[in-house]
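Input: a single structure, listed below in C-alpha cells.
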Amino acid sequence: MAFALLTSVPPVFGLYTSFFPVLIYSLLGTGRHLSTGTFAVLSLMTGSVVERVVPEPLAGNLSGIEREQLEARRVGAAAAVAFGSGALMLGMFVLQLGVLSTFLSEPVVKALTSGAALHVLVSQLPSLLGLSLPRQIGCFSLFKTLAAVLSALSQSSPAEVTISALSLALLVPVKELNVRFRDRLLTPIPGEVVMVLLATVLCFTSSLDTRYNVQVVGLLPGGFPQPLLPTLDELPRILADSLPISLVTFAVSTSLASIYADKYSYTIEPNQELLAHGVSNLISSLFSCFPNSATLATTSLLVDAGGNTQLAGLFSCAVVLAVLLWLGPFFYYLPKAVLACINISSMRQMFFQMQELPQLWHISRVDFAVWIVTWVAVVTLNVDLGLAVGVVVSMMTVVCRTQRVQCLALGLAEGTELYRPIRESRKLLQVPGLCVLSYPAPLYFATRGQFHRILEWHLGLGERIKPGVEPIRVAILDFSGITFVDAAGAREVVQLTRRCQDDGIYLLLAQCNAMVLETLTRARVLDSLSPEQLFVSVQDAAAHALERLVRGRSIKSGSQEVLG
122 MAFALLTSVP PVFGLYTSFF PVLIYSLLGT GRHLSTGTFA VLSLMTGSVV
172 ERVVPEPLAG NLSGIEREQL EARRVGAAAA VAFGSGALML GMFVLQLGVL
222 STFLSEPVVK ALTSGAALHV LVSQLPSLLG LSLPRQIGCF SLFKTLAAVL
272 SALSQSSPAE VTISALSLAL LVPVKELNVR FRDRLLTPIP GEVVMVLLAT
322 VLCFTSSLDT RYNVQVVGLL PGGFPQPLLP TLDELPRILA DSLPISLVTF
372 AVSTSLASIY ADKYSYTIEP NQELLAHGVS NLISSLFSCF PNSATLATTS
422 LLVDAGGNTQ LAGLFSCAVV LAVLLWLGPF FYYLPKAVLA CINISSMRQM
472 FFQMQELPQL WHISRVDFAV WIVTWVAVVT LNVDLGLAVG VVVSMMTVVC
522 RTQRVQCLAL GLAEGTELYR PIRESRKLLQ VPGLCVLSYP APLYFATRGQ
572 FHRILEWHLG LGERIKPGVE PIRVAILDFS GITFVDAAGA REVVQLTRRC
622 QDDGIYLLLA QCNAMVLETL TRARVLDSLS PEQLFVSVQD AAAHALERLV
672 RGRSIKSGSQ EVLG
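Counting from 1 along the sequence shown, just add 121 to a position and that's the residue number in my numbering.
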C-alpha cells in the first residue's frame with residue numbers, strides 16, 4: 122500500500138501488485154530466494170509517467186465523482202505501463218537478450234537505486250508533513266519538490282508531523298536491531314506491522330481524521346478487480362517510458378538473484394528471468410497492477426526469516442489474500458503518513474550503499490567515477506535519464522579501456538619455455554632478430570588505429586635500418602588476448618602482413634581462437650600468410666622462428682665464406 126502512493130494510485134492496488142506477480146513468479150522464476158512485488162524505484166518511475174499522462178487538474182478541489190474518474194484513469198495508465206514493460210521483456214526473451222544484464226554494471230545499478238532512494242525520500246516529504254502539493258515530474262524534480270515543500274512548510278499539519286516523527290522513531294531503530302542482531306533473532310521484528318496496528322488503533326480511537334484532518338487510507342475494496350485489458354490509447358507514448366522500467370526490472374532482479382545464487386550455490390537463467398518477469402507484468406496488468414520486480418528489502422527479510430524456496434512467496438500471497446478478502450476494512454483509519462514512513466525506512470539498504478564508495482575508490486577509480494556520475498545524473502535529472510547516462514558512461518569506459526591497452530613485448534623465462542612480459546623482469550631472454558608481441562585487447566574499429574601505431578613502432582615498419590642494430594627478421598604476434606576481430610580489425614591484420622613482407626619480416630600468428638581465425642580467413646589473410654605461419658602456442662611459434670633464424674644465419678655465413 123505504501124508503494125502505491127509512490128505510483129499515484131489508490132493503496133489497494135499495491136495489494137494487488139503484491140499478490141498476482143508473486144504468484145506468477147513463483148511458478149516461472151529461477152531465483153529461489155527472490156521476493157517479488159512492489160519496488161520503490163519502479164513505483165517512483167511509474168508514478169512520474171502516470172502524473173505526466175494523467176495530470177492533476179489545475180483547478181483542484183475535485184468532486185467525488187471527478188476524483189474517482191481521475192484515479193481510474195491513473196490506474197489504467199499504471200497498468201498500461203506494466204503491460205508495455207511486460208511485452209518488452211517478453212520480446213527480449215524471444216530474442217534471447219538475457220545477455221543485456223551484463224551491460225548494466227554493478228556500479229550503475231547501485232548508484233541508480235541509491236539515487237532513486239533519495240527521490241523517494243523527497244517525494245514522501247509532503248505526506249510526512251501533511252501537505253497537499255502537486256507532484257513534480259521531469260528533470261530537477263527533486264529540487265522542485267524540495268523548493269515547494271520549503272515554501273509550504275508553514276502549512277504543515279502538526280498532527281501528521283507528530284505521527285511521522287513517532288513512526289520513524291519506531292521503524293528506524295527496529296530496522297537497525299534486525300540487522301545488528303540478525304543471528305540472535307529467530308525471526309525479524311515486524312516493525313511495520315506493529316506500527317500499522319498502533320497507528321490505525323490510535324487514529325480510530327482519537328478520531329484524528331475528523332478532528333485534525335489527518336489523511337487516512339480509507340475504504341479498501343474487498344476481493345479482486347475484474348480482469349480487464351489496460352487502455353492502450355496512450356501505449357505509444359507510454360512505451361518509451363516502459364523501456365527503462367523493463368531494464369531496471371531486469372537489472373535489479375537479475376543482480377539480486379545472482380547474489381543469492383552465488384551465496385547458496387545454484388544457478389539462475391537470465392533469459393528465464395526475462396520470461397518470468399515479462400509474464401508477471403503482462404498478466405498482472407490485466408488486474409490493474411503497476412510494474413513490479415524483485416525487491417531488495419523484502420528479499421533480505423525473506424532470507425533472514427529462513428525462506429529458501431518460492432513457497433515463502435506463496436505464503437506471503439496467502440497473507441495478502443486474507444487482507445483483500447477479510448481484513449481490508451480494518452485499515453480504513455491507517456494514516457497515509459505512516460505509509461510514507463514505511464516507504465522511507467524501506468530505503469535503508471539503498472542509502473547505505475554509499476558506504477561502499479571508499480572501497481570502490483580503492484579497487485577501481487573508473488568504477489568509482491561511473492558510480493558518482495550515475496548517481497549525480499539520477500539525482501539531478503531523473504531516474505530514467507540517469508539510467509541512460511550511467512549505461513552510456515559505463516560503455517564509454519569499456520571503449521576507453523580497450524584503447525589504452527599496452528602491447529607487451531615478451532621474453533623467454535630462463536630455464537623454461539614460458540614467454541612473459543619483459544617489463545616484469547630483467548632476467549627474461551630476448552633473441553636478436555626475434556620480436557614476440559602480445560596485444561591483450563579485442564581488435565575492432567575502435568582499436569584498429571592503436572594496433573597499427575603500436576605494431577609499427579615495435580617492428581620498425583617503414584624505418585631505415587640503423588647501423589649496428591640487429592634488424593627484426595621474425596615477428597610473433599600472440600593473439601591469445603584478442604577475444605574477437607571485426608572487419609576493420611581483420612583488414613588491419615591483412616595490411617600488417619603485407620607491410621611485414623615488404624620490410625622482410627617473417628610474421629607468425631600464435632594462439633588465435635576459432636572465432637578470430639574464422640574472421641581472418643574470411644578476410645583472406647591466408648592469401649598473405651601460409652598455414653605454416655599459424656601456430657597453436659607461442660612456444661611452437663618461437664621454436665619455428667629460432668630454427669628459421671639459425672638457418673638464415675648459417676646460409677649468410679656460408680655465403681660470406683664462399684665470397685671470401
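All C-beta atoms in this analysis are idealised placements derived from N, C-alpha and C, irrespective of residue type, glycine included.
Residue i versus residue j - alpha carbon distance
i, j, result
"I767", "E639", "The structure shown has nothing for residue 767, since the chain only spans 122 to 685."
"Y387", "L377", "13 Å"
"L291", "G312", "7 Å"
"L356", "A509", "21 Å"
"A268", "E390", "45 Å"
"V250", "L448", "It is worth fixing the name first, because residue 250 is Leu in this sequence and not Val. Cα to Cα, L250 sits roughly 28 Å from L448."
"L549", "S658", "18 Å"
"P561", "P542", "12 Å"
"D113", "C260", "Limits of the chain in this structure are 122 at one end and 685 at the other, which puts residue 113 out of reach."
"T370", "E613", "41 Å"
"C633", "Q654", "12 Å"
"R256", "L289", "23 Å"
"T283", "G339", "20 Å"
"V646", "L628", "12 Å"
"N503", "E192", "24 Å"
"V80", "L368", "Residue numbering for the chain in the displayed model covers 122 to 685; residue 80 lies beyond these limits and cannot be assessed."
"V170", "D599", "53 Å"
"T642", "A611", "9 Å"
"H771", "P365", "In the structure as shown, the chain starts at 122 and stops at 685, and residue 771 therefore has no counterpart that could be examined."
"L287", "L353", "43 Å"
"R619", "I626", "10 Å"
"V500", "L650", "56 Å"
"F134", "L216", "32 Å"
"A663", "E584", "24 Å"
Under the three-state DSSP convention, the category residue i falls into
i, result
"S374", "helix"
"G554", "coil"
"V278", "The sequence shown places Ser at residue 278, not Val. In the structure shown, S278 sits in coil (DSSP, three-state: anything other than H, G, I, E or B)."
"P357", "helix"
"G583", "coil"
"T157", "strand"
"F134", "helix"
"S129", "coil"
"K548", "coil"
"E172", "helix"
"Y387", "coil"
"T151", "coil"
"M636", "helix"
"T352", "coil"
"S485", "coil"
"T523", "helix"
"D304", "coil"
Beta-bridge partners of residue i, as assigned by DSSP
i, result
"S559", "L529 and D599"
"V606", "L564"
"Y627", "V595"
"P456", "V337"
"P542", "L531"
"F656", "A631"
"S414", "G158"
Neighbourhood of residue i by C-beta, 7 Å cutoff - its chain only, sequence neighbours within 5 removed
i, result
"F408", "Y137, F141, F345, P346 and P348"
"L298", "I310"
"E535", "K548 and L550"
"L441", "At residue 441 the sequence reads Val, which differs from the Leu that was named. Excluding positions up to five away in sequence, the list reads L136, S139 and F140."
"L446", "G343 and G344"
"H579", "C528, A530, C556 and L558"
"P351", "G197, A200, A201, F204 and S406"
Residues near residue i in its chain [Cβ-Cβ closer than 8 Å; skip 5 each side]
i, result
"T234", "V162, V373, L417, M471 and Q474"
"A567", "V520, T523 and Q524"
"E682", "Low local confidence applies: a pLDDT of 42 at E682 is under 50, so the model's placement there is unreliable, and no value is given."
"G679", "Because the pLDDT of G679 is 47, which lies under 50, any placement of that residue in the model is unreliable, and the number read from its coordinates should be weighed accordingly. If we look at G679 and ignore the five residues flanking it on each side, it has no Cβ neighbours."
Residues near residue i in its chain [Cβ-Cβ closer than 6 Å; skip 5 each side]
i, result
"F411", "T128, T138, T167, A199 and A203"
"Q393", "T151"
"L684", "The predicted model places L684 with a pLDDT of 35, which falls under 50 and marks its position as unreliable, so this point remains unresolved."
"A498", "G507 and V510"
"H665", "none"
"Q465", "Here residue 465 is Ile; the residue named in the question, Gln, does not match the sequence. For I465, where only same-chain residues beyond five positions count, the Cβ hits under 6 Å are L242 and Q245."
"D624", "L582"
"P228", "D488, V491 and W492"
4 or more residues per run - each alpha helix (DSSP H) lying fully within the stretch 285–331: 312–327
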